[in-house]
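Asker: Below you'll find the structure I mean.
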Amino acid sequence: MAASIKIIDEKCVGCNLCVKACPFGAIVVENKLARIDYAKCTICGACFDACRFEAIDLKKDVGTTRDLSGYKDVWVFAEQTENKIQSVTYELLGEGRKLAESLGMDLCAVLVGSGIKDKAQDLIARGARKVYVVDKPELAYFQDESYAAVLIDLVNRHKPNVLLCGATTIGRSLCARVAVSVNAGLTADCTGLAIDPETKNLLQTRPAFGGNIMATIITPNNRPQMATVRHKVMKEAVADAGRKGEVLLQDIAVSLLKARSRRVKYEAETETTVNIAEADIIVSGGRGMQNPENFAILKELASVLGAGVGASRAAVDSNWIPYSHQVGQTGKTVCPKIYFACGISGQIQHLAGISASDIIVAINKDPEAPIFKVATYGIVGDLFKVVPLLTAEFRKLLKK
Amino acid sequence: MLFAVPDRLVLGKRMHIIVCIKQVPDTTDVKIDPKTNTLMREGVTSIVNPFDMYAVEESLRLKEKHGGTVTALTMGPPQAETALREVISMGVDKGILLSDRAFAGSDTWATSYTLALAIRKIGDFSVIICGKQASDGDTAQVGPGIATHLDLPQITYVRKIEEMDDKHIVAQRLLEEGHEYVDSSLPCVLTVVKEINEPRLASLKGKMNAKKAVIVKWTAQDLGAESSKIGLEGSPTKVVKIFTPAPRQGGQILTGEPEEMVRKLAESLKDVVIAAAK
């Protein structure tokens, strides 16, 4: 989408307004028609604003026009829950390192929490050259306002070029606030990141319309270039305890730690122990499960495999399993290594949530079910026979 | 409902709820025109973003419980008016459409700026409710963006409103591995997930109201919007390429007796399972 500007001859009346508006003397009127001297034009848009006849077609430049040279380094926000660093952080450090190398910049991490500073070494072992640490009792758990205020403060002070964060509940809630405050572009849910070798812009690729379309997005004129990145798409950085890095403890004004919203209590999900957004294997059930009790056979297979339990919208809407298990457009988007779809017909909204899976296994008695069109392996058969057999087979295989 | 006295809630003023909605294509099955590299939207009907329907329903439930009014706000082309009429038919009191060619090409930064300006112009409100994300863009950024532009607290991914009075709200927020109860002062911005409710259908009376309703229309000038902050110019992110991902190929359909199929499948998955289950 290169920048372009042209006069729409049919609309131009030769009024000279654009000629007066042009700071570069790049427009002349000949025979009652404006003509742009492209050698002089900088596509600044002044004529576009001045024209009263919509006779100028302007497509804005997507190249850098501002001095952004003060913005250095690739930052990764290290998301933690109860002082455990989330695995998506390590994935971002793995990817961030490649970006930092292409830019000739340092990879840095931002660690926010309470009693958290010892964890900075983990981030250094995973490749961070600098870790900015904000360690305050008020920041023990995620709060939208205070976490955003801290990150905004650090961004304003240190001016990162790129800022990456997991596309988690926390990451998406936090980054949207930060991006608005620091006037940055933010691309949600990226599945691909690269540096444009010419412009050095971050090329951010993400699915839209439920994964039917991919879009590559840049932020040419604003820094930092912010992106949230999906779980499980990038490879985790391998830990190397020999790596060296700086831990930079940051002072934060007390006023930034105030928040008008606060956590009253937290309840962990009791139904399951595996978070499907992070799971390597997911065993999912749909309408074909017939009732909530039958999910027991899926849970058994899941427990043998160390897998998460998912469900289609039909199963959740029937109240067979809580909403937090729902996979698909109105539920979660998942990207496991293996996705078992049991008694799931494969509506397009469901497929939108699973298309990033490495392997899809479909078990359904209807050979015409759309799920078979996307399945890596399909079993046409009775899931109530197949699933227990599969559980027994894997139990044998894994010697459980 | 006309003279309903708010129960459990003694309000100095009537509660005003603003619900933000978006008109989206009624399908995820969108194709790209290979010649122009733009989305082919012909023949695709438009609906209210499914997540916004939960926001609308929750607004109506709050109004029914506490009294007050609900205003729906949307930004879009002139035809987005039909989305406002649709939610008015469910019981929303008033619809405001932000429509101007200058808004075209807005990303989430510019969109949340524009919506925030309109909310500031509306002035008096207790809570702003949005769907967690739109089904076309899937960003989940506009709700928190509005909160930031207006310097308000936010509770995202709300699955239940526990309590509310004229000063604060307690809501359950869905997190990856559980949920938290968050207490926030009002006014604040909520984004809601599907679990929160079951949206109602429009009543006959509602449909008649929707037909008659006067939709308020505001342009960039009405909002006093800075031109450098709206539309394409006000959008830090630029789309440089749109493409269709390689379609997923169907694989192997196993046949035979269940025992035999399971054995074949287990053999094929063996290595991945062992690696993943370690």
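Top line first, the protein sequences correspond to chains Z and L.
According to our numbering, the residues represented by the first sequence are 99 to 498, in order.
According to our numbering, the residues represented by the second sequence are 109 to 386, in order.
In this text, a Cβ means the ideal position worked out from N, Cα and C, and glycines have one as well.
Small disclaimer: the values here were computed from a predicted structure and weren't measured.
#1: Could you check how far apart the C-beta atoms of T216 (chain L) and K202 (chain L) are, in whole angstroms? I think they sit under 8 Å.
#2: Within the chosen definition, does the stretch 171–185 of chain Z reach the stretch 216–228 of chain Z through at least 3 CB pairs nearer than 8 Å?
#3: Quick check on H329 (chain Z): does DSSP put it in helix, strand or coil?
#4: Counting Cβ pairs, one atom from each stretch, are 3 or more of them under 8 Å apart for the stretch 142–149 of chain Z and the stretch 178–191 of chain Z?
#5: Is N462 (chain Z) helix, strand or coil by DSSP?
#6: Near H257 (chain L), which residues of its chain fall below 7 Å by C-beta distance, leaving aside the five closest residues on each side in sequence?
#7: Ignore the nearest five residues each way along the sequence and tell me which others in L449 (chain Z)'s own chain have a CB closer than 7 Å to its CB.
#8: Taking 8 Å as the CB-CB cut-off, is G309 (chain Z) touching chain L?
#9: Apart from the five residues on each side of it in sequence, which residues of its chain come closer than 6 Å, Cβ to Cβ, to N157 (chain L)?
#10: Touch check for the stretch 202–214 of chain L and the stretch 325–339 of chain L: three-plus C-beta pairs under 8 Å?
#11: Using the Cα positions of E288 (chain L) and R193 (chain L), report the straight-line distance between them to the nearest angstrom.
#12: Taking the straight line between their C-alpha atoms, what separation do you get for V152 (chain L) and D134 (chain L)?
#13: Between L:E172, L:T190 and L:D160, which lies nearest to S154 (chain L) when the distance is taken from Cα to Cα?
#14: Within its chain, find whatever has a CB closer than 6 Å to the CB of S197 (chain L); leave out the 5 residues flanking it on each side and keep chain order.
#15: Buried or exposed for I106 (chain Z), going by 16 or more other Cβ atoms inside 10 Å?
#16: So, under 8 Å CB-CB, S382 (chain Z) and A439 (chain Z) are touching, yes? Tell me the CB distance rounded to an integer number of Å.
#17: If we count the other Cβ atoms within 10 Å of its Cβ and call it buried at 16 or more, is Q360 (chain L) buried or exposed?
#18: When the distance is taken between beta carbons, is L298 (chain L) closer than 8 Å to A279 (chain L)?
#19: Might you give, ordered along the chain, the residues of its own chain that have their beta carbon closer than 8 Å to the beta carbon of R228 (chain L), omitting 5 neighbours on each side?
#20: If you follow the beta strand (DSSP E) that Y230 (chain Z) is part of, which residue opens it and which one closes it?
#21: When you compare each of Z:V210, Z:G290, Z:R270 and Z:P235 to D251 (chain Z) by their alpha carbons, which one comes out closest?
#22: Check whether the stretch 471–486 of chain Z and the stretch 354–369 of chain L touch, using three or more Cβ-Cβ pairs below 8 Å as the test.
#23: Please compile the residues from chain C whose C-beta is within a distance smaller than 9 Å of the C-beta of I350 (chain L).
#24: In the DSSP output, what is E365 (chain Z) paired with across the bridge?
#25: Give me, in chain order, the residues of the same chain whose beta-carbon lies closer than 6 Å to that of R267 (chain L); leave out the 5 immediate sequence neighbours on both sides.
#26: Look at the alpha carbon of G161 (chain Z) and the alpha carbon of A124 (chain Z), and state the distance between them as a whole number of angstroms.
#27: So which residues on chain Z does G387 (chain L) lean against when the C-beta distance must stay under 8 Å?
#28: Which chain L residues are close to P318 (chain Z), counting only those with a beta carbon under 8 Å from its beta carbon?
#29: Leaving aside the five residues before and after A286 (chain Z) along the sequence, list all residues of the same chain whose C-beta is less than 7 Å from its C-beta, in chain order.
#30: Taking the runs of the beta strand (DSSP E) that are 3 residues or longer, which of them lie wholly in the stretch 154–211 of chain Z?
#31: Could you compute how far the alpha carbon of P186 (chain L) sits from the alpha carbon of A212 (chain L)?
#32: Could you tell me whether any Cβ in chain L is nearer than 8 Å to the Cβ of L396 (chain Z)?
#33: For the stretch 310–385 of chain L, list the alpha helix (DSSP H) runs that are entirely contained and at least 4 residues long, ordered along the chain.
#34: Please report the straight-line C-alpha distance between P322 (chain Z) and L301 (chain Z), rounded to a whole angstrom.
#35: By DSSP, does A224 (chain L) sit in helix, in strand, or in coil?
#36: Can you list, in chain order, the stretches of the beta strand (DSSP E) that have 3 or more residues and sit fully within the stretch 287–325 of chain Z?
Answerer: Put simply:
#1: On the second sequence, residue 216 (chain L) is found 108 positions in, with the first residue counted as 1. On the second sequence, residue 202 (chain L) is found 94 positions in, with the first residue counted as 1. The Cβ separation is near 25 Å, so there is no contact.
#2: yes
#3: Here residue 329 (chain Z) refers to the residue found at position 231 when the first sequence is read from its first residue. Three-state DSSP puts H329 (chain Z) in coil, outside helix and strand.
#4: Counting Cβ pairs under 8 Å, fewer than three are found: no touch.
#5: Taking the first residue of the first sequence as 1, we reach residue 462 (chain Z) at position 364. It is a strand residue.
#6: To locate residue 257 (chain L), count along the second sequence from 1; it is residue 149. Excluding five sequence positions before and after H257 (chain L), the CB atoms of its chain that fall closer than 7 Å to its own CB belong to S220, Y221 and A224, given in chain order.
#7: Here residue 449 (chain Z) corresponds to residue number 351 of the first sequence, with the count starting at 1. Answer for L449 (chain Z): V472, listed in chain order.
#8: Here residue 309 (chain Z) refers to the residue found at position 211 of the first sequence. Yes, G309 (chain Z) counts as interfacial toward chain L.
#9: For the purposes of this step, residue 157 (chain L) is taken as residue 49 along the second sequence, with counting starting at 1. Cβ neighbours of N157 (chain L) beyond the five flanking positions: K130, V132, G239, A242 and S243.
#10: Yes, they touch.
#11: For the purposes of this step, residue 288 (chain L) is identified with residue 180 of the second sequence, where counting begins at 1. For the purposes of this step, residue 193 (chain L) is identified with residue 85 of the second sequence, where counting begins at 1. The straight-line gap from Cα to Cα measures roughly 35 Å.
#12: The sequence position of residue 152 (chain L) within the second sequence is 44, counting from 1. The sequence position of residue 134 (chain L) within the second sequence is 26, counting from 1. Straight-line Cα distance between these residues: approximately 6 Å.
#13: Within the second sequence, numbered from 1, the residue matching residue 154 (chain L) stands at position 46. Looking at the Cα atoms, L:T190 is the closest of the given residues.
#14: For the purposes of this step, residue 197 (chain L) is identified with residue 89 of the second sequence, where counting begins at 1. Only A310, G314, K315 and A318 meet the Cβ criterion.
#15: Locating residue 106 (chain Z) in the first sequence gives position 8, counting from the first residue. Result: exposed.
#16: As a working mapping, residue 382 (chain Z) is identified with position 284 in the first sequence. As a working mapping, residue 439 (chain Z) is identified with position 341 in the first sequence. Between A439 (chain Z) and S382 (chain Z) the Cβ distance is about 5 Å, and since that is below 8 Å, they are a contact.
#17: Position 252 of the second sequence, counting from 1, holds the residue named residue 360 (chain L). It is exposed - the Cβ of Q360 (chain L) has fewer than 16 other Cβ atoms within 10 Å.
#18: Counted from its first residue, the second sequence places residue 279 (chain L) at position 171. Counted from its first residue, the second sequence places residue 298 (chain L) at position 190. Yes, the Cβ-Cβ distance between A279 (chain L) and L298 (chain L) is below 8 Å.
#19: Residue numbering aside, residue 228 (chain L) sits at position 120 when the second sequence is read from its first letter. Cβ within range, chain order: L258.
#20: Translated into positions along the first sequence, residue 230 (chain Z) becomes position 132. From DSSP, the beta strand (DSSP E) with Y230 (chain Z) extends over K228 to D233.
#21: Taking the first sequence and counting its residues from 1, the one referred to as residue 251 (chain Z) is at position 153. Checking every option, the nearest Cα to that of D251 (chain Z) belongs to Z:V210.
#22: yes
#23: Within the model displayed, chain C is absent; protein chains Z and L are what it includes.
#24: Position 267 of the first sequence, counted from the first residue, corresponds to residue 365 (chain Z). Its beta-bridge partners are L:H287.
#25: The residue given as residue 267 (chain L) occupies position 159 in the second sequence. Hits under 6 Å: Q280, L282, V301, E303 and I304.
#26: Counted from its first residue, the first sequence places residue 161 (chain Z) at position 63. Counted from its first residue, the first sequence places residue 124 (chain Z) at position 26. Annotation note: pLDDT 48 at G161 (chain Z) (below 50); position unreliable, coordinate value reported separately. If I take the Cα positions, the gap works out to 21 Å.
#27: For chain L, the structure presents residues 109 to 386; residue 387 (chain L) sits outside this window and is missing.
#28: Your numbering for residue 318 (chain Z) matches position 220 in the first sequence. In chain order: K346.
#29: Walking along the first sequence from the start, residue 286 (chain Z) turns up at place 188. Once the five neighbours on either side are set aside, the close Cβ partners of A286 (chain Z) are A265, R270, R304 and T326.
#30: 154–157, 172–176 and 205–211
#31: Residue numbering aside, residue 186 (chain L) sits at position 78 when the second sequence is read from its first letter. Residue numbering aside, residue 212 (chain L) sits at position 104 when the second sequence is read from its first letter. Using only the alpha carbons, I get a separation of about 12 Å.
#32: By 1-based counting over the first sequence, the position of residue 396 (chain Z) is 298. Chain L, which has no Cβ nearer than 8 Å to the Cβ of L396 (chain Z), makes this no.
#33: 312–320, 328–331 and 366–384
#34: What you label residue 322 (chain Z) is simply residue 224 of the first sequence in a count that begins at 1. What you label residue 301 (chain Z) is simply residue 203 of the first sequence in a count that begins at 1. Approximately 13 Å between the Cα atoms of the pair.
#35: Working through the second sequence from its first residue, we reach residue 224 (chain L) at position 116. Correct three-state label for A224 (chain L): helix.
#36: 290–293, 300–306 and 311–316
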